[in-house]
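Residue numbers (the numbering used here), protein chains in the order written: chain L, 1 to 313; chain E, 314 to 618.
Glycine included, C-beta positions come from ideal geometry on N, C-alpha and C.
Each remark here refers to the structure printed beneath this line.
Following this line, the structure appears as structure tokens:
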């Protein structure tokens, strides 16, 4: 296991390096002069020059590149070109909201999705199976912002149970959860659909295996066969799914945040893009990609933990 | 590629009628039967044909000019005379805008998948066929590209190219290309050592000729069966980008920007956001239903599951 962990950790280094390079050049090719974007059309030539000088924009590209790599390696996200505030501080203000939302979405997705997928698989080709499959397909087909609009229409506009706008925090825990509920449900229901589908097909695959028949032949009771033998193995691909959709989920949480006007990464990234805030944008993209890479890493490690075969590949 | 799968058919105990299907006339015919038995897939296909009709016939079937503003007809509720689905804050007809929006969604969805395949599939084939270092480098690049959420990549590419239908198609194609590369690579590896490929090699065909004359057509059958799912995903990305205001520039109606404009009126004029939102949902659902059916059709093992 140690070797596996070590190998997996080492494997992320080239990925990280490529990712940083990619972000650096991606941000440079976005058109528009940041000096003009920030200081405005009316700024004097002198002021523009001074700004470019200060921001290191006049240095040759490779100098900027290595400076960027060095900063990132030290965990220095730099300062926003526009506000002059450290990106780290801005990030820390909003990141908890995005992580809270995404985590809530994953939890809802697993709590609802695994049992639904299991029921669907156990009752294969009955009306309840068809129903769960139809609802799952609908869940896979609905973009987060569309579902968010639907939930707002029903629960905020019609019923008035939850606020239309989510401020991200409340005075009491109850109020806090009330703020979180609809955005988390938006992500959670989408995740539920993915999870239920994956659990079902994975369960059906496992359920026909010989070792299940063996367990039954040994006299293991059916509920025990389902839970202890089948489900345990069926959940392995579900773990990968969570990792695979971490990126999608983060993307969906961005859309959800916008619909609910909730503070989070979305505001920072979209803001940095429209203001041509190079420094902030590249740091935010790095953080975003880093989150996805970390989740993938954790998924892989978990995968190795639950499925010993993986470790020896 | 399809032959071994048909053999898997005999092993599938869950597939009723597999035995007499195997005696049936042709593979294509058998597959069609499987497809037609899948009611959801057929419904999806019919819906898509309907949507295509609406998109193509938009100029003739839309009751009003989708961009013409009318100060006296602002925020008319659905059912108002000659405005079946009401009007927006500029007095534009919602129904006409939704009909024209179908054009944007389908055009972007289908064209971006075709373009994305044209970019990604060759990369995947080269990686899978050449193997070794080439494979490692290409696939590592694909991994990195995939570690960015589609949305963020799309955002950047749109920012780079600017907005407009064609630019959006290119942006979404570029975002999806790495995934096509990955999908094409798998079967290529399996085909690399297939007998007919070895035979082609023994006959002195060049690598490029083998890759594109022999491997590509076989890989395509795998890719075509999932293409409908990709169109669904491309339409979703288009809707997301338009919703963020980065898609097709207003006043051209697209479902995403209609929802965005409608969101401020959820209380007073809920149809403005919900009608295009439903249109997005139904369209993506239709492509997914068709896509599921096509995939099951190609893979008898999942039949009846």
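With a threshold of 8 Å between beta-carbons, can residue i be considered close to chain L, or not?
| i | result |
| --- | --- |
| residue 411 of chain E | no |
| residue 605 of chain E | yes |
| residue 334 of chain E | The predicted model places residue 334 of chain E with a pLDDT of 45, which falls under 50 and marks its position as unreliable, so this point remains unresolved. |
| residue 602 of chain E | yes |
| residue 549 of chain E | yes |
| residue 315 of chain E | In this prediction, residue 315 of chain E scores a pLDDT of 34, lower than 50, which makes its location untrustworthy; no coordinate-derived value is stated. |
| residue 356 of chain E | no |
| residue 598 of chain E | yes |
| residue 570 of chain E | no |
| residue 489 of chain E | no |
What's the gap between the Cα of residue i and the Cα of residue j?
| i | j | result |
| --- | --- | --- |
| residue 240 of chain L | residue 70 of chain L | 33 Å |
| residue 205 of chain L | residue 274 of chain L | 48 Å |
| residue 199 of chain L | residue 228 of chain L | 15 Å |
| residue 397 of chain E | residue 418 of chain E | 22 Å |
| residue 593 of chain E | residue 486 of chain E | 19 Å |
| residue 343 of chain E | residue 538 of chain E | 16 Å |
| residue 577 of chain E | residue 556 of chain E | 13 Å |
| residue 568 of chain E | residue 46 of chain L | 45 Å |
| residue 335 of chain E | residue 155 of chain L | Residue placement at residue 335 of chain E cannot be trusted, given a pLDDT of 49 that sits under 50; what the coordinates show is reported in the next sentence. Taking the straight line from one Cα to the other gives about 52 Å. |
| residue 213 of chain L | residue 271 of chain L | 57 Å |
| residue 390 of chain E | residue 562 of chain E | 26 Å |
| residue 88 of chain L | residue 378 of chain E | 49 Å |
| residue 2 of chain L | residue 301 of chain L | 10 Å |
| residue 341 of chain E | residue 120 of chain L | 31 Å |
| residue 294 of chain L | residue 524 of chain E | 36 Å |
| residue 292 of chain L | residue 349 of chain E | 40 Å |
| residue 572 of chain E | residue 565 of chain E | 13 Å |
| residue 326 of chain L | residue 172 of chain L | Nothing in the structure corresponds to residue 326 of chain L, since chain L is present only between 1 and 313. |
| residue 392 of chain E | residue 584 of chain E | 11 Å |
| residue 441 of chain E | residue 449 of chain E | 10 Å |
| residue 169 of chain L | residue 267 of chain L | 16 Å |
| residue 456 of chain E | residue 91 of chain L | 25 Å |
Measuring alpha carbon to alpha carbon, tell me which residue in the options is nearest residue i.
| i | options | result |
| --- | --- | --- |
| residue 166 of chain L | L/275, L/303, L/288 and L/101 | L/101 |
| residue 381 of chain E | E/409, E/366 and E/445 | E/409 |
| residue 599 of chain E | E/583, E/355 and E/431 | E/355 |
| residue 144 of chain L | E/611, E/424, E/374 and E/590 | E/590 |
| residue 238 of chain L | L/192, L/86, L/94 and L/212 | L/192 |
| residue 244 of chain L | E/411, E/421 and E/459 | E/459 |
| residue 579 of chain E | L/40, L/64, L/208 and L/149 | L/149 |
| residue 464 of chain E | E/483, E/488 and E/420 | E/488 |
| residue 500 of chain E | E/607, E/437 and E/411 | E/437 |
| residue 620 of chain E | E/503, E/435 and E/582 | This structure leaves residue 620 of chain E out entirely; chain E is present only between 314 and 618. |
| residue 444 of chain E | E/515, E/481 and E/520 | E/520 |
Listing by chain order, which chain L residues have their CB less than 8 Å from the CB of residue i?
| i | result |
| --- | --- |
| residue 583 of chain E | 153 and 157 |
| residue 423 of chain E | Those do not exist, as residue 423 of chain E stays about 17 Å from chain L at its closest Cβ, beyond 8 Å. |
| residue 576 of chain E | 149 and 259 |
| residue 587 of chain E | 149, 150 and 153 |
Does residue i get closer than 8 Å to chain E when you measure Cβ to Cβ?
| i | result |
| --- | --- |
| residue 267 of chain L | no |
| residue 166 of chain L | no |
| residue 94 of chain L | no |
| residue 138 of chain L | yes |
| residue 143 of chain L | yes |
| residue 77 of chain L | no |
| residue 18 of chain L | yes |
| residue 251 of chain L | yes |
| residue 242 of chain L | no |
| residue 22 of chain L | yes |
| residue 2 of chain L | no |
| residue 255 of chain L | yes |
Taking Cβ-Cβ distances shorter than 8 Å, what residues in chain E pair up with residue i?
| i | result |
| --- | --- |
| residue 14 of chain L | 453 |
| residue 113 of chain L | Under the 8 Å cutoff, chain E gives no residues; its nearest Cβ is about 17 Å from residue 113 of chain L. |
| residue 270 of chain L | 468 and 557 |
| residue 230 of chain L | Ordered by position in chain E, no residue passes the 8 Å Cβ test against residue 230 of chain L, which lies about 15 Å from the chain. |
Mind pulling the chain L residues with CB within less than 7 Å of residue i?
| i | result |
| --- | --- |
| residue 400 of chain E | Here the premise fails: no neighbours, minimum Cβ distance about 19 Å. |
List, in chain order, every chain E residue whose beta-carbon is nearer than 7 Å to that of residue i.
| i | result |
| --- | --- |
| residue 26 of chain L | 469 |
| residue 273 of chain L | 468 and 472 |
| residue 189 of chain L | Within chain E, no residue comes near residue 189 of chain L; the closest Cβ sits about 13 Å away, beyond 7 Å. |
Taking 8 Å as the threshold (beta carbon to beta carbon), is residue i in contact with chain C?
| i | result |
| --- | --- |
| residue 361 of chain E | In summary, chain C is missing from the structure at hand, where the protein chains are L and E. |
Determine the chain E residues that contact residue i at a beta-carbon separation under 9 Å, and present them in chain order.
| i | result |
| --- | --- |
| residue 171 of chain L | Residues of chain E passing the Cβ test: none, with the nearest at roughly 25 Å. |
| said: Can you confirm whether the region 256 to 265 of chain L touches the region 40 to 57 of chain L when touching is taken to mean that 3 or more C-beta pairs between the two stretches lie within less than 8 Å? | reply: no
| Hey, is the region 500 to 511 of chain E in contact with the region 523 to 539 of chain E, meaning 3+ C-beta pairs nearer than 8 Å? | yes
| Would you call the region 422 to 436 of chain E and the region 542 to 557 of chain E in contact, with 3 or more CB pairs under 8 Å? | yes
| said: For the pair the region 169 to 187 of chain L and the region 98 to 115 of chain L, tell me if three or more CB-CB distances fall below 8 Å. | reply: yes
| request: Examine the Cβ distances between the region 13 to 28 of chain L and the region 61 to 70 of chain L and report whether three or more of them are shorter than 8 Å. | output: yes
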